[in-house]
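In terms of the working numbering, the sequence shown opens at residue 386 and continues consecutively. Using N, Cα and C, we set each Cβ at its ideal position, and we do this for glycine too. In this text the structure is predicted, and so the values were computed from the model without any measurement. Okay, structure first, notes after.
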Amino acid sequence: MMYKSFLASLPLSEFVRNYIIIHLPFRPYEPNLSKQRSPKPEQKIVFYLKGLPAFYNPITGSSQTPPRVSILSHQRDPKTIRLASEFFAFIIFLKPGVLHRLIRLPMTDFPDAAIDAELFFGTEVRLVSEQLASATNHISMISIAEQFLLPKCTQLGTSNLIGMISLKILNDPTTFSLDLVAREACLSTKQFYRRFTEQIGISPKLFSRMSRFNHAYRYKLSHADMSWSAIAQEFCYTDYHHMEKEFKEFTGLTPHVWTNTHLSAPERILKLR
């Protein structure tokens, strides 16, 4: 069993936030487990090595079984993920703006769904998936993934300003101001909004709100004794009710109820997180 995060090597650190390897083999008598997943400002390439999950969107009522190698952009609605009896995946979390540069499409055209990576990278991803599945340890898996990524990322050159600013917002969304970030990029607010939305896929304000929401509930998971009012203050919400309104918008649930759903996630039941 495994649920671990690993950093990228130095040559790829400008493009990759981290890798996560998940391996959850359930016992035959255990029911297939599911987990609730909130909207997240993240873009990733996922290699499903064993056991395809099923995604269900309670807002739209739609469901999807993702391709074996999937590209996913920002998740805008809450989703229920149903896991197979054995789930094994290698996930590449890209830094903001990198996916746009890799696939060379406006991210506003990218749907809130898992897209087949072969559409952009060809059949090479099948070979990479087979190599990852047969690797004997995490070091080998990361090496295989980086051999796939390195030639593609080195062609991209250095990060552009929108990517750098979006990473700052992702890491610390509490100080976000559209006027300030536009000024930092030497653009008008309209120009910044248009370029940000095209390269990142969602508006700057929504990106910052989703980032702050994720920071807040994760902080509560690691600081169980801290009150929700204190967390609202920590993450610069006006007050608890402001934070509660945002939680309900993103998940349909109060902060307390939403956080409790995460305590029953498979990786926490198995004590991997």
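*Looking at the structure shown, is M611 part of a helix, part of a strand, or coil, going by DSSP?*
Judged by DSSP in its simplified three-state form, M611 adopts coil rather than helix or strand.
*Three-state secondary structure assigned by DSSP to T465*: In the structure shown, the three-state DSSP call for T465 is strand.
_Report the start-end ranges of each alpha helix (DSSP H) in the region 567-626 that is 4 residues or longer and not cut off at the edges._
Correct list: 574-585, 589-607, 613-619.
*Would DSSP call K480 helix, strand or coil?*
Coil at K480, not helix or strand.
*Consult DSSP for K435 and reduce its assignment to one of helix, strand or coil.*
When DSSP states are grouped into helix, strand and coil, K435 belongs to the strand group.
_Three-state secondary structure assigned by DSSP to D501_ = DSSP places D501 in strand when its eight states are reduced to three.
*asked:* Using a 10 Å radius around the Cβ and a threshold of 16 neighbouring Cβ atoms, would you call M628 buried or exposed?
replied: Its Cβ being crowded by 16 or more others within 10 Å, M628 is buried.
*Indicate the three-state DSSP secondary structure (helix, strand or coil) for P443 in the structure shown.*
DSSP places P443 in the coil class of the three-state scheme, outside both helix and strand.
*asked:* Can you tell me whether M386 is helix, strand or coil according to DSSP?
replied: It is coil, neither helix nor strand.
*Tell whether a beta-carbon distance below 8 Å holds between I585 and V566.*
Here I585 is not near V566, since their CB atoms are 8 Å or more apart.
*What residue from L517, V401, H600, L418 has the CA that sits closest to K429's CA?*
It is V401.
*Give the DSSP-derived three-state secondary structure of K656 in the structure shown.*
K656 falls in the coil class under three-state DSSP.
_With H, G and I counted as helix, E and B as strand and the rest as coil, what does DSSP make of P536?_
Helix at P536.
*Do I466 and I405 have their CB atoms nearer than 8 Å?*
For I466 and I405, no; Cβs fall outside 8 Å.
*asked:* I'd like to confirm the pairing. Which residues does DSSP put opposite A520 in its beta bridges?
replied: Bridge pairing for A520: absent [DSSP].
*Report buried or exposed for V642, applying the criterion of at least 16 other Cβ atoms within 10 angstroms of its Cβ.*
Looking at its Cβ environment, which holds fewer than 16 other Cβ atoms inside 10 Å, V642 is exposed.
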